[in-house]
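Line by line, the protein sequences are chains U and Y.
Just so we're aligned, residue 499 is where the first sequence starts under our numbering, counting upward by one.
Just so we're aligned, residue 973 is where the second sequence starts under our numbering, counting upward by one.
Reviewing the structure listed below.
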Amino acid sequence: MTSEIKPAPGEARAGGPSIADTFASDAIAPPAPLLESAYEFMGDGDIAASRYTSEAFFRREMRDMWARAWQWACREEHLPDVGDTYVYDIGPYSVIVVRSGQDRIEAFHNVCTHRGTRLLDSEGSGYAHGFTCPFHGWSWALDGSIETIPGAWDFPHATEADHALRPVQCERWGGFVFINLDPDAAPLRESLDVLPDHFTHFPLERRRIRLHVQKRLPANWKAAQEAFMEAYHNFETHNSPNGGNTQYDVFGRFVTRFIHNIGTYSPESLADYPGEKWRRPTLTEEEILAGLAVIGVEPRELAAGETARSVAAQQLREKLGESLGVDLSDVSECLMLDSIEYHLFPNMFLFPGVNVPMVYRFRPDGEDVDNCIFDLLLMELLPEGAMHPDPPDPVFLDVEDSYTQVEELSWLAPVYDEDTGNLDLQQRGLKGQGKAGITLGNYQEARIRRMHLTLDDFLAIAAQSTDD
Amino acid sequence: MTDCYQRIAAAGELPAGKILCITVGDREILLCHTAEGYFAVDNQCSHAAARLSEGKLKGHRILCPLHGAAFDVRDGCALSRPASQPIATYALRVQDDGIFIRLPPDEG
């Protein structure tokens, strides 16, 4: 009797070429960070469903994680001039980010120090010479120092020091402005893991916001973002043959990544999938190329030695290079085509690719455990020397709205409708399931587990300090 | 141009994304050049009477410098507190090389 040696947990992979194998056959090698891989098994226990549905857990998250974690509030190009503001809301908290000086961006709690009124009403970009409370008219300079207390004779006890706007930690990276509500939080750099090193190769400062779509989604913020952390769902949700060979990396407590090749697939990766779709018969290279028409590639016959991937990448180098005004002739197939997705804890996704150039943000919708807000930005390359144009105002979509209402999303619109179409079913299922937890794949869903482990770190630190 | 329209600026005088305050009689008009074209509104915030020309145009929103109230320059409606009342808007035409607005009959 022969016994098959089973791989250790987390070591098994789908059949067919790996991402590294695909890169090895590409004409232009990707930048070094994209050749790295980093994975280790982190356990295979179920994740409690109550983490997505419990009001009590949500309150702990809000108090112990959201109020302590670095999170992206806006882009620097939202604040080009002194006086430009951006209000960022998270749960019950609201933060004013302001360019208070030519080279200075600061953040403050969006709260009057007198009786607690919000100074600026709604989230988004604004402009002001200072801040004035609409209730009694107390006012502050852009640097948060108090300027006016009407009827000051009645407030001899209100000192300038006590009544400056309460500062919020604020730092910048990659053209993004981050805030942290915890005055004792460690610097942002400590939460970025490999990002500063990796993104020197694809600087996000040199991108413009082409489109910003903000949509309400009917699911807990974690369930919603987890729908975007793996390509395992591609077969069923998107009716797509490629996803099984995606590479998943865990670079630290805060940063994970996947790289998902486009313009190639392996029938071997589908070996144990039901039916014979895309296995018998397999797709020809010409059929794969034809499938890329949705992303702007022109189908044509392939000459000997040509692959769908090489032809698609070259077409996009020329087409996008011309439309963006950027020389893309030396850009790798990977950056031209692939879905390369970094996740920064707790809720930010960054795509360094050229044709797949998004940034995502997921956060609770106010204090609602069952709903969240998904910000989707298309971040287009800026030509060398070009200034950042004014960013567009967000397009708002409600739960029932389709992404196809946003014409500029083009081929991505139906994909996002598919991605978000399962969320209501999942959130309702999580509430009523006869099983206490969700089960994750060891490799393909490792990023989800990493996110939960880091969330647990925040909750544990808070519990520890309460015990102390 | 009909009698009730009055020329307030030369077309091309105001770059896109910019605003211009124009005094017509005792009225201050704010001309706004957005990506969707030109719009003319009252220069006075409906909340605390600040001059909107000292604020900033972002997209189709004019932002009051005093309390950050926003108005949609296309229809004058208040988009954020503390403003709740709209600001007046003026019918506008671009013709030949000029920008014309229609003032109330007693001021035209």
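The beta carbon of each residue, even a glycine, is placed where N, CA and C say it ideally should be.
Checklist entry - Residues of chain U with a CB under 7 Å from the CB of S1052/Y: which are they? => result Position 80 of the second sequence, counted from the start, is the residue given in the question as residue 1052/Y. Chain U residues near S1052/Y: D619, S620.
Checklist entry - Going by DSSP, which residues form a beta bridge with N678/U? => result Reading the first sequence from its first residue, position 180 is the one you call residue 678/U. DSSP lists Q667/U as partners of N678/U.
Next on the checklist: I need the straight-line Cα distance from H654/U to H661/U, nearest angstrom please.
Outcome noted: One-based indexing of the first sequence puts residue 654/U at position 156. One-based indexing of the first sequence puts residue 661/U at position 163. Residue 654/U is actually Pro in this sequence, not His. Their Cα atoms are separated by approximately 12 Å.
Checklist entry - For K990/Y and chain U, any beta-carbon pair shorter than 8 Å? => result In the second sequence, residue 990/Y corresponds to position 18, counting from 1. No, K990/Y lies away from the interface with chain U (no Cβ there is under 8 Å from its Cβ).
Checklist entry - Hey, how far is the Cα of A567/U from the Cα of A788/U? => result Here the question's residue 567/U lines up with position 69 in the first sequence. Here the question's residue 788/U lines up with position 290 in the first sequence. Taking the straight line joining both Cα atoms gives about 44 Å.
Checklist entry - Taking the alpha-carbon positions, what's the G1080/Y to E575/U distance? => result Mapped onto the second sequence, residue 1080/Y falls at position 108. Mapped onto the first sequence, residue 575/U falls at position 77. At G1080/Y the pLDDT is 49, less than 50, meaning the model places this residue with poor confidence; the figure from the coordinates comes in the next sentence. Each residue's CA atom was taken as its position, placing G1080/Y and E575/U some 41 Å apart.
Checklist entry - Taking a cut of 7 Å between CB atoms, which residues from the segment 996 to 1024 of chain Y lie near chain U? => result none
Checklist entry - Which of helix, strand or coil does DSSP assign to G508/U? => result What you label residue 508/U is simply residue 10 of the first sequence in a count that begins at 1. If DSSP states are grouped into helix, strand and coil, G508/U belongs with coil.
Next on the checklist: So with CB distances below 7 Å, who are the chain Y contacts of Y584/U?
Outcome noted: Here residue 584/U is taken as the residue at index 86 of the first sequence, counted from 1. Neighbours of Y584/U on chain Y: none; closest Cβ ~11 Å, over 7 Å.
Item to check | Reduced DSSP category for G624/U - H, G, I as helix; E, B as strand; rest coil | outcome: As a position in the first sequence, residue 624/U is number 126, starting the count at 1. Note: G624/U maps to strand in three-state DSSP.
Item to check | 8 Å Cβ cutoff, C976/Y in contact with chain U | outcome: Counting from one through the second sequence, the residue named residue 976/Y turns up at place 4. No, its Cβ sits nowhere closer than 8 Å to a Cβ of chain U.
Next on the checklist: If the criterion is Cβ atoms closer than 8 Å, does the pair F843/U and R751/U meet it?
Outcome noted: Here residue 843/U refers to the residue found at position 345 of the first sequence. Here residue 751/U refers to the residue found at position 253 of the first sequence. Yes, these two residues count as a Cβ contact at 8 Å.
Next on the checklist: At the 8 Å Cβ level, is T611/U part of the contact set with chain Y, yes or no?
Outcome noted: If you number the first sequence from 1, residue 611/U lands on position 113. Closer than 8 Å: no.
Item to check | Neighbourhood of H607/U by C-beta, 7 Å cutoff - its chain only, sequence neighbours within 5 removed | outcome: Position 109 of the first sequence holds residue 607/U. The answer, listed in chain order, is V593, L663, R664, V666.
Checklist entry - When the Cα atoms are used, what is the spatial distance from L1075/Y to A1021/Y? => result What you label residue 1075/Y is simply residue 103 of the second sequence in a count that begins at 1. What you label residue 1021/Y is simply residue 49 of the second sequence in a count that begins at 1. Their Cα atoms are separated by approximately 20 Å.
Item to check | Whole-angstrom C-beta distance between E882/U and P855/U, which should lie under 8 Å | outcome: Residue mapping note: residue 855/U aligns to position 357 of the first sequence, counting from 1. Residue mapping note: residue 882/U aligns to position 384 of the first sequence, counting from 1. Actually they do not touch by this definition, with Cβ atoms about 17 Å apart.
Checklist entry - Would the beta-carbon of V596/U fall within 8 Å of that of C572/U? => result Reading the first sequence from its first residue, position 98 is the one you call residue 596/U. Reading the first sequence from its first residue, position 74 is the one you call residue 572/U. No, Cβ-Cβ distance for V596/U and C572/U is not below 8 Å.
Next on the checklist: In this structure, how does DSSP classify A605/U when only helix, strand and coil are distinguished?
Outcome noted: Position 107 of the first sequence, counted from the first residue, corresponds to residue 605/U. A605/U: strand per DSSP, three-state reduction.
Checklist entry - Mind checking whether A810/U and G761/U have CB atoms under 8 Å apart? => result Stepping through the first sequence from its first residue, residue 810/U is reached at position 312. Stepping through the first sequence from its first residue, residue 761/U is reached at position 263. Yes, Cβ-Cβ distance for A810/U and G761/U is below 8 Å.
Checklist entry - What's the C-alpha gap between C1049/Y and E804/U? => result Looking up residue 1049/Y in the second sequence gives position 77. Looking up residue 804/U in the first sequence gives position 306. Those two C-alpha atoms are separated by around 58 Å.
Checklist entry - Nearest chain Y C-beta to D695/U closer than 8 Å, yes or no? => result Translated into positions along the first sequence, residue 695/U becomes position 197. No, D695/U lies away from the interface with chain Y (no Cβ there is under 8 Å from its Cβ).
Checklist entry - Quick one: which chain A residues come within Cβ less than 9 Å of P1037/Y? => result The structure shown contains no chain A; its protein chains are U and Y.
Next on the checklist: Please list, in chain order, the chain U residues whose beta carbon lies closer than 8 Å to that of G1040/Y.
Outcome noted: If you number the second sequence from 1, residue 1040/Y lands on position 68. Those within 8 Å of G1040/Y in chain U are T583, L617, L618, D619, G624, Y625, A626, F629.
Item to check | Under 7 Å from the C-beta of G1027/Y: neighbouring residues of chain U | outcome: Taking the second sequence and counting its residues from 1, the one referred to as residue 1027/Y is at position 55. Near G1027/Y (Cβ distances below 7 Å), the residues of chain U are Y625.
Item to check | Below-8 Å beta-carbon distance, D873/U vs any chain Y residue | outcome: By 1-based counting over the first sequence, the position of residue 873/U is 375. So, not an interface residue.
Checklist entry - In angstroms, rounded to a whole number, what distance separates the CA positions of D954/U and V609/U? => result In the first sequence, the residue the question calls residue 954/U occupies position 456. In the first sequence, the residue the question calls residue 609/U occupies position 111. D954/U and V609/U: Cα-Cα distance of roughly 30 Å.
Checklist entry - Opposite Q1067/Y in the DSSP bridges: which residues? => result Locating residue 1067/Y in the second sequence gives position 95, where the first residue counts as 1. In DSSP, Q1067/Y forms a bridge with G1070/Y.
Checklist entry - Which residues in the same chain have their Cβ closer than 7 Å to the Cβ of Y771/U, if we skip the five residues on either side of it in sequence? => result Along the first sequence, read from residue 1 onward, the residue named residue 771/U stands at position 273. Setting aside the 5 residues that flank it on each side, Y771/U is surrounded in the same chain by F733, each with a C-beta closer than 7 Å to its C-beta; the list follows chain order.
Checklist entry - Buried or exposed: where does V792/U fall if 16 or more other Cβ atoms within 10 Å of its Cβ makes it buried? => result The residue given as residue 792/U occupies position 294 in the first sequence. Exposed, by the Cβ-count rule.
Next on the checklist: Taking its Cβ as the centre, do 16 or more other Cβ atoms sit within 10 Å of H1019/Y, making it buried, or is it exposed?
Outcome noted: Here residue 1019/Y refers to the residue found at position 47 when the second sequence is read from its first residue. Buried.
Checklist entry - Are the C-beta atoms of G1048/Y and some chain U residue less than 8 Å apart? => result Translated into the one-based positions of the second sequence, residue 1048/Y becomes position 76. Taking Cβ atoms only, chain U never reaches closer than 8 Å to G1048/Y, which makes this a no.
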